[in-house]
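Chemist:
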Amino acid sequence: MKKTLLILSAAAAFMTASCSENKTAETTTMADGTTTTTTTTTQTAYTPEAIERRADRMAADMAAKMKFDDATRTKIRTVYVTRGQRIAELQNKYATDTMGMAAAMKGVYTDTDTEMKTIFTDPTQYSAYESSRMDYMDDRYMEDDSNMATSDMSSTDASASAADMGDGSKVKVKADGDVKIKDAEGNKMKMDGDDGTVKMKPEEGDKSVIK
């Protein structure tokens, strides 16, 4: 179930960040008097500055909740900065591939947990982190209101039925923890709530399984 929630949140965060962008228009006047307008779109959810700010807040909130020192807080912050940077890279790689992003995020969160184990060497402390790590997902720390509204959806209980992400993509969570994602192109992904196995079925092509 924990793996299911991580992948669901990852998919939702990806779709949320895809909608969080700045569009700037630049108008150029040519010698003959005509004008051309160039529109540039940039992602704002995973700029280096946004990643740093979120890591600051996540580490500070965790430190306040778990009562650890500043040295540990700094290490935690570094882990979250690294996670944010990796997510940013995946967003560029999987800009139009929601299911590919969700599958790749599985590795990001696994690596994050591995790093946390090197910091929380006390099993009790790591267990405390593990039970509350969903509180420190990126989508819960997005800056603007529209992002926060979407993160509220992504953090709902796993027994929730379905959510339309607004871009043609749909996320459905069954009562047993299985997650189904269908993107706007008709590609499908299913993640088993028990063992985390990911099954992908492209609209065109063969099925694949990721364990």
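Mature numbering (1 follows the signal peptide of the UniProt record, and there is no 0) puts the sequence shown at residues -25 to -1, 1 to 186. Each residue gets a CB set at the ideal place from its N, CA and C atoms; glycine is no exception.
Helix, strand or coil for M175 per DSSP?
Modeler: Three-state DSSP puts M175 in a strand.
Chemist: Taking C-alpha atoms, which residue in M74, M80 and T53 lies nearest to A63?
Modeler: Checked all of M74, M80 and T53; the closest Cα to A63 is M80.
Chemist: Taking the alpha-carbon positions, what's the G82 to G161 distance?
Modeler: Computed Cα separation, rounded: 24 Å.
Chemist: Taking CB distances under 8 Å as the criterion, tell me whether D88 reaches chain B.
Modeler: Although the question refers to chain B, the structure presented lacks it and comprises just one protein chain.
Chemist: If you follow the beta strand (DSSP E) that K50 is in, where does it begin and where does it stop?
Modeler: K50 -> not in any beta strand (DSSP E); alpha helix (DSSP H) instead, spanning D45 to K68.
Chemist: How about Y116 and R58: are their beta carbons less than 8 Å apart?
Modeler: Contact flag unset, no.
Chemist: What residue from Y55, R108, S106 and T93 has the CA that sits closest to P23's CA?
Modeler: Among Y55, R108, S106 and T93, the Cα nearest to that of P23 is on Y55.
Chemist: Within the same chain, show all residues whose beta-carbon is closer than 7 Å to that of Q60, passing over the 5 residues directly before and after it, in chain order.
Modeler: So the list reads I26, once near-sequence residues are dropped.
Chemist: Could you check where the beta strand (DSSP E) with K42 kicks off and where it finishes?
Modeler: Segment: none, K42 is in no beta strand (DSSP E) and carries neither H nor E.
Chemist: Find the nearest neighbour of R108 within the set D36, R28, Y21 and L65, judged by alpha-carbon distance.
Modeler: Closest by alpha carbon: D36.
Chemist: Closer than 7 Å by C-beta to Y21: which residues in its own chain qualify, once you throw out the five before and the five after it? Chain order, please.
Modeler: If we look at Y21 and ignore the five residues flanking it on each side, its Cβ neighbours are A(-9), G59, I62, A63 and Q66.
Chemist: Classify K157: buried if its beta carbon has 16 or more other beta carbons within 10 angstroms, exposed otherwise.
Modeler: By the 10 Å Cβ count, K157 comes out buried.
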